[in-house]
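Peer 1:
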Amino acid sequence: MNPSPEHLRYANRVLSYLQTTQYYAIEFSGSVDNATEVEPGDDEVLQQSSDASFADDPETRKSTQGYLMKLFSGAIMWQSSKQKTVTTSTTEAELLSLSHTARETIALYRLFEQIQFDPQHQPRILCDNQQTVGLIQKERPQLISKLKHIDIHNFWLRQIHKDGKITVQWVPTTDMPADGFTKPLSAEKHSHFVKQLGLVDISSRIDPEYVSGEDIDQDDIQISSDTE
């Protein structure tokens with residue numbers, strides 16, 4: 000497919016965004032204070048969150064899933080991907096995402112053991128779907144699904160939750176740190192998402208001469224449509 004003027008506009012928009020955010024960096028707090036925005040003052044240094052859209056791909060109707068892991072308020076692991084399976088409900092999509100996040104969390108804790116780092120708390124994964132959280136926490140939940148593999152993910156999550164390998168906590172979507180990995184956001188929500196990642200503008204902390212010397216005019220980063 001040949002690039003169109005619309006593709007050119009999108010490319011220039013990406014370049015413009017990269018230019019204006021070139022001094023953004025992940026900042027770590029170095030303490031446990033406000034390590035999680037969900038519960039201010041919480042002493043948990045590690046925060047995991049899992050989220051999923053539902054059937055947002057118009058061609059395949061597959062859902063997008065994403066996770067974010069933060070250590071001392073700064074992002075250390077994140078991912079956004081399309082699910083391999085078509086789900087029939089938001090709950091099923093959230094279950095698949097939560098299962099993937101749980102596996103990554105367990106692997107991360109194994110790495111911590113190898114480097115002798117102890118977060119000193121049980122892994123806690125944030126999820127903004129109440130029904131999904133209920134399926135993991137309740138004694139006798141009911142998941143109405145004809146998809147066997149999704150039911151297997153559900154039982155596995157319930158098992159590792161019962162074994163104490165993870166805990167799951169509901170949070171409202173407005174407080175979901177992984178929301179930006181599953182869907183386009185408005186300008187206001189995107190700004191909030193950037194803060195949730197632990198990104199800050201460090202241009203004021205850099206030598207002014209270096210910053211001014213590196214600045215590039217917006218016109219210099221535009222892709223031209225001329226094909227001479």
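Going by numbering that gives the first Met the number 0, the residue at position 3 of the sequence shown is 2; the numbering climbs one at a time, nothing skipped.
Don't be surprised by glycine CBs; every beta carbon is placed ideally from N, CA and C.
1. Indicate the three-state DSSP secondary structure (helix, strand or coil) for G29 in the structure shown.
2. Which residue comes first and which comes last in the beta strand (DSSP E) that contains T63?
3. Exposed or buried, what is N1 when buried is set at 16 or more other beta-carbons lying within 10 Å of its beta-carbon?
4. Give me whichever residues DSSP pairs with S79 in a beta bridge.
5. With distances taken Cα to Cα, identify the nearest neighbour of E58 among G65, A51, S28 and K81.
6. By DSSP, does S203 sit in helix, in strand, or in coil?
7. Grouping DSSP H, G and I as helix and E and B as strand, with all else coil, what is S88?
8. Give me the Cα-Cα distance between L97 and K194, rounded to the nearest whole angstrom.
9. Quick check on DSSP: helix, strand or coil for Y9?
10. Within 10 Å of its beta-carbon, does S52 have 16 or more other beta-carbons around it, so buried, or fewer, so exposed?
Peer 2: If we stick to the structure as given:
1. The three-state secondary structure of G29, taken from DSSP, is coil.
2. Looking at the DSSP string, the run of the beta strand (DSSP E) that includes T63 is T63 to L70.
3. Counting Cβ neighbours within 10 Å, N1 comes out exposed, since fewer than 16 surround it.
4. For S79, which the question treats as bridged, DSSP gives the partners G65.
5. The shortest C-alpha separation from E58 is found at K81.
6. S203 carries a helical assignment under DSSP once its states are collapsed to helix, strand and coil.
7. S88: coil per DSSP, three-state reduction.
8. Whole-angstrom Cα-Cα distance: 23 Å.
9. The three-state reading of DSSP puts Y9 in helix, counting H, G and I together.
10. Buried, because 16 or more other Cβ atoms sit within 10 Å of the Cβ of S52.
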